[in-house]
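Below is one structure, written out as structure tokens; comments come after it.
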């Protein structure tokens, strides 16, 4: 009998593979991206102390959209908040999602706004 494919478990496996290699520090926090059905969330995390340095999302921006443009706005916002917190470098954590579409748009916008990774 065929097994049913569990998308959540597959993403969790991919995210675990990424997290083995990627960790954030105070000087270079981890830019973690989560893409839900309706929103895109991004946060800069210092894994050594377990604190979130900055966070942004489409829910917070209240854009009403859920496309690549909205994700780019989140990328720009997280880069501005990172600069305000004194962070210029980060490590990108795609969260088990493919580097494509909204995730790529967020990363490109953050790079254009001055965040290096």
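Numbering (our numbering), first residue to last: 7 to 123.
Beta carbons are placed, not taken as given, at the ideal position from N, Cα and C, and that holds for glycine.
Bear in mind that the values here come from a model prediction, so they are computed numbers and not experimental data.
Can you list, in chain order, the residues of its chain whose CB lies under 6 Å from that of residue i, leaving out five sequence neighbours each side?
i, result
"residue 103", "41, 109"
"residue 44", "72"
"residue 51", "30, 35, 36, 38, 58"
What does the alpha-carbon distance come out to for the pair residue i and residue j?
i, j, result
"residue 82", "residue 48", "11 Å"
"residue 78", "residue 10", "34 Å"
"residue 3", "residue 70", "Residue 3 lies beyond the residue range present for the chain, which begins at 7 and ends at 123; the question has no answer from this structure."
Tell me, which residues are paired with residue i by DSSP?
i, result
"residue 41", "46"
"residue 36", "51, 97"
"residue 57", "52"
Compare the beta carbon distance of residue i and residue j with 9 Å and say whether it is the shorter of the two.
i, j, result
"residue 67", "residue 60", "no"
"residue 74", "residue 101", "no"
"residue 91", "residue 80", "no"
"residue 85", "residue 116", "yes"
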